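What follows is a short report on a single structure.
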Amino acid sequence: MAGKTSTQDEEELFARPRVRGIELMRNPTSNKGMAFSLKERLLLGIHGLLPPVFLDQSDQVAIIMENFYRWQNDLDRYIYLMSLQDRNEKLFYRVVTEHVETMMPIIYTPTVGLACQKYGVVYRKPRGLYITINDIGHVYDILCNWPIDDVKTIVVTDGERILGLGDLGSYGMGIPVGKLALYTALAGVHPDQCLPIMLDVGTDNETLLKDPMYIGLRQKRERGPAYDQLVEEFMNKVVKRYGENVLVQFEDFGNRNAFRLLEKYRYKFCTFNDDIQGTASVAMAGIFASLKLTGKSLADNRFVFQGAGEASIGIAELIVKAMVVRGLTIEQAVQRIWMVDSRGLIVKNRPSGGVTEHKIKFARDQKPIEKLEDVIKMVKPTAIIGASAIAGAFTETILRMMGKFNDRPVIFALSNPTSKAECTAEQAYTFTEGKAVFASGSPFPPVTYKGKTFYSGQGNNAYIFPGVGLAVTVCDIRSITEDVFLEAAETLSEMVTAKDLAEGRIYPPLSDIRRVSTSIAVKIAEFAYKTGLAYHQPEPGDKAKLIQEHQYKTDYEQFISPIYDWPNNPAKI
Ligand code: NAD
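For the sequence shown, our numbering assigns the number 393 to the initial residue and increments by one for each residue that follows.
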């Protein structure tokens, strides 16, 4: 203790957190488990509350991983990880970041889908806000109950179209929770700035309405004016509570609401719809990267979509935009796209009834064709994109045809979770005799076909939204244009290396996703300042530095400054 001055004593005292004692360990944001040093234990009133050993964060990661693998199924692993998040936030994010390839399929698709289906069993502690249709007139009061004032990113759902699983009502809360965990793990958005919200307007899922464990409103889904009233109040009160630059990401709304809410709010609020725009961006990146393998230009392609919902329409719109940027007219671009929905090829004058507004642009002027297979026979597409949640829609016949028409057919089976994929990676490679350029929404293991191993890419919007969201909040972007998503797509595709392509990947490996998200954020920041979208002033010279300065670090906080040496482990003294 030699040489210690009274100023140092004061500094040390000053450095003590407001919370001390057992509360420090009960709070997941300050808890460090056995990583509290001896000095911290003594000065913060927790000495003796922990076993005498000292473990640094790396040791703790090893213990978590050992426990993680002891669980026999993925749902139990999901619950285990959620409890870690509730217990020690920094450790949770370190584990997810360091083992991202292992953890993403658990905290995100496909396991998050299973977790949502069983959310009544999975639910442990409050995480996020539930605002119901009965709360109209009181939304602001509920937002004020959230203890943190500095929220910058909200992910909101009404639970109507959870992945490809349909209406899960309040059980859908698992999605905003999972997406926001990825904001932090993949892009470094501070977890305190993230808020998951469920707008519970009821559910039309009869099984849930009868499920004694269902945690949501036990009533039919509100579809009348009260629904719009709730969403309108929600948007306005969110801005009142958190400011006009709070980012609101719409997630897993049914498509009757998703498109119109996006149109209604995109120019008035800082908002985007991930299923429409985030998916479009990641698929576009995959298409850009696929051109390097097929040797074609974008305009040389003919795209057939299976499904004409949020994902497909979003992708088709962005393809049109990218083609227009490359010199085609909108009409020429649209001519390269065919869309099949539950009623067959989308054509003008459908005998079965009209075409909804968001599909009209892509309606072909020809006779109806009912079956996807027949559409493919007629169009001889270079690329087929599945986002219909119809498992197996890309049949052996279809895949074989694609292999016959193309040297390198592009096949995207984007539906989630895995059980809904239009085909598996193995089917895509086998039936096209190893020619497919394949990506899927949920991960598939590598496939070996005739001695060559293919590592298919995961065309998932998780590559896009965390980086875009980070840039939006850091640069104070208040309007998220389609150009932002095109820029993100180009950035992502440029990160695919020759080695990735040689292995069959059109996305960088998931293990690189944190670096990818940061690069996307930096590129969007540069783009936003160049195009006048950024409100954060003065403009920083070094955008990468600006982004990095705002990224959450998983290192534990030092509550007591290490002014002098004090051996940590008495056993070693
Ligand atoms: P959506 O409900 O908006 O659209 C589904 C579409 O599929 C509709 O157009 C519907 O008519 C069509 N469809 C239904 N049955 C069909 C059939 N038998 N044949 C052809 N089309 C049929 O849903 P969405 O938001 O577009 O999502 C669809 C799927 O894509 C889901 O599984 C979702 O998880 C997945 N998705 C993946 C990503 C990703 O990042 N990979 C992102 C968003 C959505």
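Note that CB positions come from ideal geometry on N, CA and C, so glycine has one too.
Quantities reported herein were computed from a predicted structural model and do not represent experimental measurements.
- Relative to the ligand NAD, even the nearest heavy atom lies 8 Å or more away from the CB of residue 912.
- Residue 575 sits close to residue 857, with the two beta carbons spaced by under 9 Å.
- In this structure, the ligand NAD has a non-hydrogen atom nearer than 8 Å to the beta-carbon of residue 779.
- In the three-state reduction of the DSSP assignment, residue 776 falls in the strand class.
- Counting C-beta pairs with one atom in each stretch, the region 479–487 and the region 518–534 have fewer than three that are closer than 8 Å, which means they do not touch.
- Along the length of the region 740–779, whole beta strand (DSSP E) runs at least 3 residues long occupy 775–778, reported in chain order.
- In this structure, residue 847 keeps its C-beta atom at 9 Å or more from the C-beta atom of residue 826.
- Around the beta carbon of residue 745, fewer than 16 other beta carbons lie within 10 angstroms, which makes this residue exposed.
- Taking 8 Å as the cut-off, one finds at least one heavy atom of the ligand NAD near enough to the beta carbon of residue 698.
- In this structure the region 870–880 does not lie against the region 523–537, because fewer than three pairs of beta carbons, one per stretch, are closer than 8 Å.
- Residue 711 holds the alpha-carbon nearest to the alpha-carbon of residue 725 among 733, 711, 732.
- Taken atom to atom, the span from the alpha-carbon of residue 865 to that of residue 663 is near 11 Å.
- The Cβ atoms of residue 547 and residue 588 sit closer than 9 Å to each other.
- Sequence-distant partners of residue 778 (beyond 5 residues in either direction) whose C-beta falls short of 7 Å from its own C-beta, in its chain, are 698, 699, 785, 786, 804, 805, 806, 807, 814.
- For the alpha helix (DSSP H) assignment, the uninterrupted runs of no fewer than 4 residues enclosed by the region 448–513 are, from N- to C-terminal side, 449–462, 466–479, 481–490, 492–499, 503–509.
- Counted as a single uninterrupted DSSP element, the alpha helix (DSSP H) harbouring residue 634 occupies residues 617–634.
- Within 10 angstroms of the beta-carbon of residue 421 lie fewer than 16 other beta-carbons, which makes it exposed.
- When the alpha-carbon of residue 949 is set against those of 480, 562, 718, the nearest one is in 480.
- Residue 551 and residue 644 do touch by the CB rule: their CB atoms are close to 7 Å apart, below 8 Å.
- In the DSSP assignment, residue 586 forms a beta bridge with 545.
- No heavy atom of the ligand NAD is found nearer than 8 Å to the CB of residue 592.
- Note on geometry: alpha-carbon atoms of residue 553 and residue 667 lie some 10 Å from one another.
- Taken atom to atom, the span from the alpha-carbon of residue 799 to that of residue 595 is near 46 Å.
- Where residue 875 is concerned, the enclosing alpha helix (DSSP H) starts and stops at 874–886.
- Beyond the five residues adjoining it in sequence on each side, residue 717 comes within less than 8 Å, by CB distance, of 878 in the same chain, given in chain order.
- The three-state secondary structure of residue 669, taken from DSSP, is helix.
- Secondary structure note for residue 596: it is in no beta strand (DSSP E), with a DSSP letter that is neither H nor E.
- From the listed residues 615, 600, 661, the smallest Cα separation to residue 608 is found for 600.
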